[in-house]
Ligand SMILES: *Cc1c(COP(=O)(O)O)cnc(C)c1O
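In UniProt numbering, the protein residues as written are 1 to 253.
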């Protein structure tokens with residue numbers, strides 16, 4: 001059930017959490033963006049979230065596009081028409097944050113501005129070929145499975161740097177950073193270590209100087225339950241659903 005009137009206040013609380021965590025870590029709060037994770041939310045709820053985020057950005061004088069993330073291509077495609085004008089105006093970025101099959105590359109190219117969940121060379125190659133055919137460049141991130149949990153997608157951390165340099169070298173793609181889902185653990189130290197691992201991969205790839213890696217600065221990590229830990233370890237994008245939209249009716253993603 002959408003709770004639209006509460007969304008601006010909930011989003012403000014998330015921004016405060018992220019900013020407080022950034023300040024505690026000696027970081028500039030401006031360097032941490034909140035992506036709205038919109039799985040299971042219908043288009044009106046998503047738009048309510050986007051409008052709240054745009055209003056907050058306008059108040060802060062922040063001209064960067066606000067970000068939403070979808071887990072499933074079907075939902076991405078269903079909600080795309082409601083978001084298309086804002087995307088075309090450069091006010092909204094739509095990220096794919098869920099596992100993606102390469103045969104869905106065409107649909108994703110038509111609707112997303114960034115694919116955060118690149119985790120195989122087959123997928124990367126399919127996205128690159130389609131982007132090149134369209135004469136455009138698609139932003140991508142490499143998803144890394146820092147916890148090693150079998151339920152999670154992503155390349156193993158030990159393979160991530162080499163994999164990322166291969167993705168970065170594909171024409172049609174621009175590698176903008178790295179994404180992970182934190183360990184499912186009550187032990188903050190375990191969760192933080194995973195986020196630190198992603199930062200280490202990012203730093204290694206940036207330092208490599210390999211072709212196409214110069215823009216790979218983003219660290220998309222942290223959700224409702226662990227965003228403070230992620231910000232402490234350098235997150236530049238936290239992906240938040242529940243804290244903004246309320247509990248989801250059914251587990252998804
Ligand atoms: C659902 C989801 C989120 C947001 O999770 P919350 O706990 O609701 O904030 C972030 N990232 C991914 C990949 C997700 O699937």
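Ideal Cβ positions, reconstructed from N, Cα and C, are used throughout, including at glycine.
Discussion item. On the criterion of 16 or more Cβ atoms from any shown chain inside 10 Å, does residue 13 qualify as buried, or is it exposed?
Written reply: One-based indexing of the chain shown puts residue 13 at position 13. Counting Cβ neighbours within 10 Å, residue 13 comes out exposed, since fewer than 16 surround it.
Practice prompt. Quick one: grab the DSSP three-state call for residue 237.
Written response: Taking the chain shown and counting its residues from 1, one reaches residue 237 at position 237. It is a strand residue.
Worksheet item: In chain order, which beta strand (DSSP E) runs of at least 3 residues are fully inside the stretch 130-159?
Response: For the stretch 130-159, whole beta strand (DSSP E) runs of length 3 or above, ordered along the chain, are 138-143.
Discussion item. Quick check on the DSSP output: what are the complete beta strand (DSSP E) runs of length 3 or more inside the stretch 81-138, in order along the chain?
Written reply: Uninterrupted beta strand (DSSP E) stretches at least 3 residues long and entirely within the stretch 81-138 occur at 92-96, 114-118, given in chain order.
Discussion item. Taking 8 Å as the threshold (beta carbon to beta carbon), is residue 97 in contact with chain B?
Written reply: Here chain B cannot be found, since the structure has a single protein chain.
Discussion item. At a cut-off of 7 Å, would you count residue 7 as near ligand 1, judging by its Cβ distance to the nearest heavy atom?
Written reply: Within the chain shown, the letter at position 7 stands for residue 7. No, since every heavy atom of ligand 1 falls outside the 7 Å radius drawn around the Cβ of residue 7.
Worksheet item: Using the beta-carbon count (16 or more within 10 Å), is residue 1 buried or exposed?
Response: In the chain shown, the residue the question calls residue 1 occupies position 1. Here residue 1 scores only 49 on pLDDT, less than 50, and its place in the model should not be relied on; the value that follows carries that caveat. Residue 1 counts as exposed, since fewer than 16 other beta carbons sit within 10 angstroms of its beta carbon.
Worksheet item: How is residue 61 classed by DSSP in three states: helix, strand or coil?
Response: Mapped onto the chain shown, residue 61 falls at position 61. In the structure shown, residue 61 sits in coil (DSSP, three-state: anything other than H, G, I, E or B).
Discussion item. Is residue 239 near ligand 1 - that is, is its Cβ less than 7 Å away from at least one heavy atom of it?
Written reply: In the chain shown, counting from the first residue as 1, residue 239 sits at position 239. Within the cutoff, so yes.
Practice prompt. Please state if the CB of residue 175 and the CB of residue 215 are separated by a distance shorter than 8 Å.
Written response: For this step, residue 215 is matched to residue 215 along the chain shown. For this step, residue 175 is matched to residue 175 along the chain shown. It is a contact, given that the beta carbons lie within the stated cut-off.
Worksheet item: Taking just the CA atoms, how far does residue 221 sit from residue 253?
Response: Against the chain shown, residue 253 aligns to sequence position 253. Against the chain shown, residue 221 aligns to sequence position 221. Unreliable placement is indicated for residue 253, whose pLDDT of 49 sits below 50; the coordinate value is still reported in the next sentence. Cα-Cα distance, rounded: 16 Å.
Discussion item. In whole angstroms, give me the CA-to-CA distance for residue 156 and residue 117.
Written reply: By one-based count along the chain shown, residue 156 stands at place 156. By one-based count along the chain shown, residue 117 stands at place 117. Their backbone Cα atoms lie some 13 Å apart in a straight line.
Worksheet item: Residues bridged to residue 220 by DSSP?
Response: Translated into positions along the chain shown, residue 220 becomes position 220. Bridge partners of residue 220: 179, 237.
Worksheet item: Can we count residue 223 as close to ligand 1, meaning its CB is less than 7 Å from some heavy atom?
Response: Sequence index remark: in the chain shown, residue 223 carries index 223 (1-based). True, at least one ligand heavy atom lies under 7 Å from that Cβ.
Discussion item. If you measure between the beta carbons of residue 144 and residue 178, is that distance less than 8 Å?
Written reply: By 1-based counting over the chain shown, the position of residue 144 is 144. By 1-based counting over the chain shown, the position of residue 178 is 178. Contact flag set, yes.
Practice prompt. Taking the CB atoms as reference points, tell me whether residue 139 and residue 109 lie closer together than 8 Å.
Written response: Your numbering for residue 139 matches position 139 in the chain shown. Your numbering for residue 109 matches position 109 in the chain shown. Residue 109 is positioned such that its CB atom lies no closer than 8 Å to that of residue 139.
Worksheet item: If you draw a straight line from the alpha carbon of residue 240 to that of residue 128, how long is it in whole angstroms?
Response: Residue mapping note: residue 240 aligns to position 240 of the chain shown, counting from 1. Residue mapping note: residue 128 aligns to position 128 of the chain shown, counting from 1. Approximately 28 Å between the Cα atoms of the pair.
Practice prompt. Would you kindly work out how many angstroms separate the C-alpha atoms of residue 3 and residue 217, rounded to a whole number?
Written response: For the purposes of this step, residue 3 is taken as residue 3 along the chain shown, with counting starting at 1. For the purposes of this step, residue 217 is taken as residue 217 along the chain shown, with counting starting at 1. Low per-residue confidence applies at residue 3: pLDDT is 46, beneath 50, and the placement is therefore not dependable, though the value from the model is reported in the following sentence. About 34 Å.
Worksheet item: Can you name, in chain order, every residue of its own chain whose Cβ lies under 7 Å from the Cβ of residue 115, other than the five neighbours on each side?
Response: Within the chain shown, residue 115 is the residue found at index 115, counting from 1. Same-chain partners within the cutoff: 96, 100, 108, 127, 138, 140.
Worksheet item: Where does residue 136 land, buried or exposed, given buried means 16+ other C-beta within 10 angstroms?
Response: In the chain shown, the residue the question calls residue 136 occupies position 136. Per the 10 Å Cβ criterion, exposed.
Discussion item. Suppose you measure from the CA of residue 10 to the CA of residue 84; what does that come to, to the nearest Å?
Written reply: Counting from 1 along the chain shown, the entry for residue 10 is found at position 10. Counting from 1 along the chain shown, the entry for residue 84 is found at position 84. Spanning the two alpha carbons is a distance of roughly 25 Å.
Practice prompt. Pull up the DSSP beta-bridge partners for residue 36, would you.
Written response: If you number the chain shown from 1, residue 36 lands on position 36. Residue 36 pairs with 68, 240.
Practice prompt. With DSSP as the reference, label residue 174 as helix, strand or coil.
Written response: Start at 1 with the first residue of the chain shown, and residue 174 comes out as number 174. In the three-state reduction of the DSSP assignment, residue 174 falls in the strand class, which pools E and B.
Worksheet entry | Span separating the alpha-carbon of residue 247 from that of residue 122 | Locating residue 247 in the chain shown gives position 247, where the first residue counts as 1. Locating residue 122 in the chain shown gives position 122, where the first residue counts as 1. Inter-residue distance for residue 247 and residue 122 is about 35 Å (C-alpha atoms, whole angstroms).
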